[in-house]
Amino acid sequence: MTKTIDLHAGALVLPKRPWRERLRSMALLGLVAITFMALDDWHDRHAILINASESLPTWALLVETGRFPARGDYVVFDPGHAPLVVKHFGEHPRPFAKIAYGLPGDVVTRDGARVIVNGVEVSRLKPFTRQGESLVPGPTGRVPAGCVYAGTPHKDGFDSRYAAIGFICHDRLIGTGEPIL
Numbered sequence: 001m002t003k004t005i006d007l008h009a010g011a012l013v014l015p016k017r018p019w020r021e022r023l024r025s026m027a028l029l030g031l032v033a034i035t036f037m038a039l040d041d042w043h044d045r046h047a048i049l050i051n052a053s054e055s056l057p058t059w060a061l062l063v064e065t066g067r068f069p070a071r072g073d074y075v076v077f078d079p080g081h082a083p084l085v086v087k088h089f090g091e092h093p094r095p096f097a098k099i100a101y102g103l104p105g106d107v108v109t110r111d112g113a114r115v116i117v118n119g120v121e122v123s124r125l126k127p128f129t130r131q132g133e134s135l136v137p138g139p140t141g142r143v144p145a146g147c148v149y150a151g152t153p154h155k156d157g158f159d160s161r162y163a164a165i166g167f168i169c170h171d172r173l174i175g176t177g178e179p180i181l
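Read in order, the letters of the sequence shown correspond to residues 1 to 181 in the working numbering.
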């Protein structure tokens, strides 16, 4: 069977498609739409972070936003706007990536320069930056609900061991990172 469409200058004759072919076309179109929606959702929750510091053994992370880290996960966060952060990283610093050493309820203590989480040394404090600026020790005590203690074993790590970074709480937490390079 054919269908005729009048286009003023003549007629166009199109074959009528069987119902199964139309159903397949609609299903394929639906599958394409669902795939694009899934990719859009994935895109909204993921990013690539390039780590420019020496403090981690990896330099590229696939970041998943909105996921609270488990112990040992890479945690990605906004470093905040403390004067030392702004001086070295600008008014709008890029996200930092560190390791989640302490979770809510864990206990952070210090013994001299040693920083300890639940009885395990995780890092050491330095009194000054490489540029000679004073570094104020970070918080101790129980890690609050919704927060993590984020650090690195690197001797020059700039992380929760210092007050300028402190505990990383939900308002600064971006998500977790999976090393890819």
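Note that the Cβ used here is the ideal one computed from N, Cα and C, for glycine as well.
Everything numeric in this text was worked out from a predicted model, so none of it was measured.
Just grab the DSSP bridge partners of residue i for me.
i      : result
Ala47  : Val63
Glu178 : Leu62
Leu173 : Phe77
Ile168 : Val148
Under the assumption that residue i contacts residue j (Cβ atoms under 8 angstroms), give the Cβ distance between them as a whole number of angstroms.
i      : j      : result
Val136 : Ala163 : 4 angstroms
Gly166 : Gly141 : Actually they do not touch by this definition, with Cβ atoms about 12 angstroms apart.
His154 : Glu91  : In fact, because the Cβ distance is near 25 angstroms, the residues do not count as touching under 8 angstroms.
Leu84  : Ile180 : In fact, because the Cβ distance is near 30 angstroms, the residues do not count as touching under 8 angstroms.
Leu125 : Arg71  : Not confirmed; about 21 angstroms, so no contact.
Asp111 : Arg130 : So it is not a contact: roughly 24 angstroms between Cβ atoms.
Does the distance between the C-beta of residue i and the nearest non-hydrogen atom of the ligand NAD fall short of 7 angstroms?
i      : result
Pro139 : Judged by which ligands are present, the structure shown has none, so any question about the ligand NAD falls away.
Buried or exposed for residue i, going by 16 or more other Cβ atoms inside 10 Å?
i      : result
Val122 : buried
Leu28  : exposed
Ala52  : exposed
Ile34  : exposed
Ala113 : exposed
Phe128 : exposed
Val117 : buried
Thr65  : exposed
Thr152 : buried
Val120 : exposed
Gly132 : exposed
Pro57  : exposed
The stretch 98-105 contacting the stretch 140-148, beta-carbon criterion three pairs below 8 angstroms: yes
Closer than 8 angstroms is the cut-off here; do at least three beta carbon pairs connect the stretch 169-177 with the stretch 75-90? yes
Minimum length 4: unbroken alpha helix (DSSP H) runs contained in the stretch 124-158: none
Just checking, does the stretch 78-97 make contact with the stretch 44-62 on the three C-beta pairs under 8 angstroms criterion? yes
Only counting runs of 3 or more residues, tell me where the beta strand (DSSP E) segments fall wholly within the stretch 91-129, in order along the chain. 96-102, 107-111, 114-117, 120-124
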